[in-house]
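A.B. asks: I am attaching a structure below and will ask some questions about it afterwards.
In this note's numbering, the protein residues as written are 211 to 297.
Okay, here's the thing in structure tokens:
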């Protein structure tokens, strides 16, 4: 008869191994997709941090009152995120 040892420590070990394995596979897939790009190219990422700025206050999301021409231009030429969550 085979007896399993269901302790919290064994569960966390198995969970950590599974998460590490899945993360490694995901990183390998991403590196294959990016591998076609030249190695000296750097991604163009702009991180905007503003206090009390909501999505509805930018012109690219439909606001007609606040003028944000540079952010509107960036959103037209690049990528715009429409779903984000903060906890």
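Glycine included, C-beta positions come from ideal geometry on N, C-alpha and C.
#1: So, does the stretch 215–227 touch the stretch 251–265, judging by three or more C-beta pairs under 8 Å?
#2: Please report the residue range of the alpha helix (DSSP H) in which residue 279 lies.
#3: In whole angstroms, what separates the C-alpha of residue 284 from that of residue 228?
C.D. replies: Reading from the atomic positions:
#1: With a cut-off of 8 Å, the stretch 251–265 and the stretch 215–227 do not count as touching, because too few Cβ pairs lie within range.
#2: Looking at the DSSP string, the run of the alpha helix (DSSP H) that includes residue 279 is 279–287.
#3: Across the structure, residue 284 and residue 228 are spaced so that their CA atoms are roughly 39 Å apart.
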